[in-house]
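J.:
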Amino acid sequence: MRVLFVNPGLDLGGAEQSLILLLEGLRSREVEATVAHFGNGPFRDRVVDLGFPTVSLRPPGLVRSATRYRSAWAHLWMPALVAAGFPTALRLAGLARRVHADLLHTNGLKAHLLGGLAGRMIGTPVIWHLRDFLPSGLVGQVFRGAARRLPALVLANSDAVAAAIRPDDEDRPRVIRLYNPVDLCRFRPGLPRSLIRRELGLGDEVPLVGVVAHLTPWKGHEQFLTIGRAVMDAVPEAYFVVTGGPVYETDGHAGYPETLRRHALALGLADRVAFLGARNDIPEVLAALDVLVHCPTAPEPFGRAVAEAMAVGRPVVAAHCGGIPEVVEDRETGFLVPTADVRGFASAIVQLLKDSALRERFGRAARGRAEALFAVEAHTASVLEAYRAIIAADRAGP
Amino acid sequence: MRVVHVFKDYYPPTTGGIEQHMRLLCTGLARQMDVTVLVPSRSRRTLEERLDGVLVIRVPEYGRYASVPLCPTMPVQLRRLRPDIVHLHFPNPMGDLAYLLSGWGAPLVITYHADIIKQRPFVPFYRPVLALLFKQAQRIIATSPDYIASSRVLSRYRRKTTIIPFGVDREALSLRDGEATEVEWLRRDLGRRLVVFVGVLRYYKGLDILLRAMTKVAGCLLIVGSGPERERLEAMAVQLGVANRALFLGEVPESRLRVLLHGAEVFVLPSIDRCEAFGIAQLEAMACGKPVVSTDLPTGVRFVNPHGVTGLRVPPRDPDALADAVNRLLDDPQLRAHLGQAAQERVEREFTAEGMITRTLEVYREVLVP
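First to last, the protein sequences are chains A and B. Heads up: the first sequence begins at 614 in this note's numbering, then just goes up one per residue. Heads up: the second sequence begins at 742 in this note's numbering, then just goes up one per residue.
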């Protein structure tokens, strides 16, 4: 079967990493994949490395740079996107024809709309792989309406995301919940703890607390630093690492890394926190940590970093929001804390830092849970099954 | 002698001004008498704990209606404690009702923190209770003469009102060993034009005005505290292009707050309406010898910071005037030092925790005289 993937993100964010893992899984199967992207960047490079044919849709700048973080633009965003996106949808439809796609698999809010329209134009079924909460207001309404009409199936990466796209009292769209996959071979227990620590000039005994997330404001890095300052009062020798680079196209937040650095200075963390930037060796970074913290200020659809830390066997202290409670089992693999509760975060972290037996117990349980929920093979098999069902239904005719 | 203080929250976990004030007052009083605090527990259980000598009893709460906690067992609890004095912190309708329903006629003292503003539509229904309560009260404590003059309710009971301003714990704000270095590092790293704000991020704090003012101030604003407005304000800082020098630090621990206050040049309280009844945060900065820029509200805000004496006052909701005042202080080290010193002296004269506790004890003694 032939599948045309559509991915708008240029960076390797959580959604793109999940898609890459799926593509890897599909390589040895009966799927011929083509990947349409929005421009050059780390995502496209990675797909090329995997040996899949890629096509750039080169959408107009307006479509590319409209991000859901610029809430002030939301009302302009929608009509402009539809107008500016229409030629792109046409191009996508032509592409799907050319590669004889049996279905379109879209990965990202913009792709859902564009791919959904394209699929409608040529009568090819579309699967939305939904890994986001919909924006509020007008944009969300448009998406919810489109979700009922455009996709044959929605794959949602958590029950929370599934519940947000389909209210209980409606039967469309069809939704299957499918947790994001994690590469359980790369992310495994037993990786050297001292590799990253040596780079930072830290001994193995230093309590190390980290966050792994792109440098976008809603990921809550500021809050992480504030929590860090509170942890320091109880564990003065604790050290903190922030891993993650700025997102590729960050209009309006260009100075964010610098803002964070100033934050650390204002909180008196200057010599206690390291900013590692974007890294390729996330498994080793996680292995160096004693606790991974995830404290987004907006609901997190899934929380890839959390799942990866669990796969490495690290305890997690995370916000009780969005899909995270499905990933972390409270008091078994980590602690869940109310979203903005700085003191709650700090005391959970301190408890873990002071109790190595607890860290170990949580870590072991976390790895077990990761193996049960996030294996790539199971993920790929579920997706294939969905493909077959959709294509069979499509061939059977309306 | 036992006094029971009644309010709707206590620190910890709540960090608002009234809660901080109660903590300071009750802890101080507890050295001289038996002090119990009666508050809702935000759960369906009764919790008891002793915090710095104060017995804190948290009674079950069955939801909140118009932000009033519903605690049916509170009157019984109050009666069971057999207090010699009941001290209500107003506004808190549940506490008012608890006192009236308990039927325990102990002398009543009320600290009148603020008028009912947000829930004003409910006031007509509540007025009979208020009338009864204020009639029964032996003594009402107001926190500033300005608030008495501008409050309809309070001005009616002027006869039995005593003014006891809030106090500040100077001990908690003085730098410990090694923290002077931290102050130096802060100023080295972030520049010597630091402006600081401390408070819960609520609509009436006027932070949007302050962010607008920052576009005209060459300096760095440190915002300490979090709250419901945080996300909106952060987005606004990005839009205004001041995100790099308006840092939302969240709730920082006391050990860091001291350093920030001592390291700053100016403290700003840009509140926009009389919901800001006093502005305790001003006192903390003044205790650290910092001049204050605040707004001309007819409440304790005005009383704490006399214009040209301990700082500057500007009209509320006026970003340009706010920016001018902050710039004036940032550009004039002599004026800054002069006002800062006067601010510190004023705190030591008028707003110490010890003074507040002594005066409260005096009130207790007076109401106990048969």
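Cβ coordinates follow ideal geometry from the N, Cα and C atoms, glycine included.
(1) Closer than 6 Å by C-beta to A:Q836: which residues in its own chain qualify, once you throw out the five before and the five after it? Chain order, please.
(2) Any beta carbon from chain A within less than 8 Å of B:N985's own beta carbon?
(3) If the criterion is Cβ atoms closer than 8 Å, does the pair A:E939 and A:S749 meet it?
(4) List the residues of chain A whose Cβ lies closer than 8 Å to the Cβ of B:R997, in chain order.
(5) Please confirm whether B:E972 has its beta-carbon closer than 8 Å to some beta-carbon of chain A.
(6) Shorter than 8 Å from the beta carbon of B:E1006 to some beta carbon of chain A?
(7) What three-state label does DSSP hand B:Y904 in the structure shown?
(8) Would you mind listing the alpha helix (DSSP H) stretches within the stretch 961-997 of chain B that are 4+ residues and don't spill past its ends, in chain order?
(9) Residues of chain A with CB under 7 Å from B:E760, in chain order?
(10) Assuming A:E871 is part of the alpha helix (DSSP H), what are its boundary residues?
(11) Helix, strand or coil for A:A706? Go by DSSP, reduced to three states.
(12) Under the assumption that B:L819 contacts B:L849 (Cβ atoms under 8 Å), give the Cβ distance between them as a whole number of angstroms.
(13) Give the list of continuous alpha helix (DSSP H) stretches no shorter than 4 residues that lie fully inside the stretch 699-760 of chain A.
(14) Any Cβ of chain B within less than 8 Å of the Cβ of A:R681?
(15) Among residues of its own chain, excluding the 5 on either side of A:A911, which ones have a beta-carbon nearer than 6 Å to its beta-carbon?
(16) What does a CB cutoff of less than 6 Å around B:V745 pick up in its chain, not counting 5 residues either side in sequence?
(17) What's the C-alpha gap between B:K957 and B:D1061?
(18) Is B:Y898 helix, strand or coil when you go by DSSP?
(19) Could you tell me if the beta carbon of A:P738 falls within a distance shorter than 7 Å of some heavy atom in the ligand GDP?
(20) Less than 8 Å between the beta carbons of A:E645 and A:R671, yes or no?
(21) When Cβ atoms are compared, which residues of the stretch 953-969 of chain B fall closer than 7 Å to chain A?
(22) For a quick check, are the C-beta atoms of A:V930 and A:G947 less than 8 Å apart?
(23) Out of A:L815, A:T829, A:R733 and A:G729, which has the shortest C-alpha to C-alpha gap to A:G627?
(24) Let me know the secondary structure DSSP gives A:H650 once reduced to three states.
(25) With DSSP collapsed to three states, give me the class of B:E789.
(26) Who are the near neighbours of B:Q1023 in its chain, counting only those whose CB is closer than 7 Å to its CB and skipping five residues on each side?
(27) Strictly under 8 Å for the Cβ-Cβ distance: is B:V1185 near chain A by that measure?
(28) For A:H725 and A:V712, what's the separation of their Cα atoms in angstroms?
(29) Starting from A:N620, trace the beta strand (DSSP E) in both directions and tell me its first and last residue.
(30) DSSP on A:F915, reduced to helix/strand/coil?
(31) Starting from A:D903, find everything on chain B with Cβ-Cβ shorter than 8 Å and list it in chain order.
(32) Mark B:S885 as exposed unless 16 or more other C-beta atoms lie within 10 angstroms of its C-beta, in which case mark it buried.
(33) Take the Cβ of A:F651 as the centre, count every other Cβ of all protein chains shown within 10 Å, and call the residue buried at 16 or more, exposed below.
(34) Assign B:C961 to buried or exposed, taking buried as 16 or more other Cβ atoms, counted over all protein chains shown, within 10 Å of its Cβ.
(35) Touch check for the stretch 1080-1098 of chain B and the stretch 1048-1055 of chain B: three-plus C-beta pairs under 8 Å?
(36) What residues from chain B crowd round A:G868, counting only those whose CB sits closer than 8 Å?
T.: To lay it out plainly:
(1) C908
(2) yes
(3) no
(4) R842, L880 and G881
(5) yes
(6) no
(7) The sequence given here has Ile at residue 904 of chain B, not Tyr. The answer is strand: DSSP assigns B:I904 an E or B state.
(8) 971-981
(9) Under the 7 Å cutoff, chain A gives no residues; its nearest Cβ is about 14 Å from B:E760.
(10) Y869 to A879
(11) helix
(12) With 8 Å as the limit, B:L819 and B:L849 do not qualify as a contact, their Cβ atoms being about 11 Å apart.
(13) 722-735
(14) Bear in mind that a pLDDT of 47 at A:R681, under 50, signals an unreliable position, so the number given afterwards is only what the model happens to contain. No, no contact with chain B.
(15) W831
(16) T777, L779, L822, P824 and V827
(17) 8 Å
(18) coil
(19) Questions concerning the ligand GDP fall outside what the structure shown contains, since it holds no ligand whatsoever.
(20) no
(21) L963 and S967
(22) yes
(23) A:T829
(24) strand
(25) strand
(26) F1008, L1010, V1033, S1035, V1045 and N1046
(27) It is not possible to answer for residue 1185 of chain B, since the shown part of chain B is limited to 742 through 1111.
(28) 19 Å
(29) R615 to N620
(30) coil
(31) Those within 8 Å of A:D903 in chain B number zero; the least Cβ separation is about 21 Å.
(32) buried
(33) buried
(34) buried
(35) yes
(36) A984 and N985
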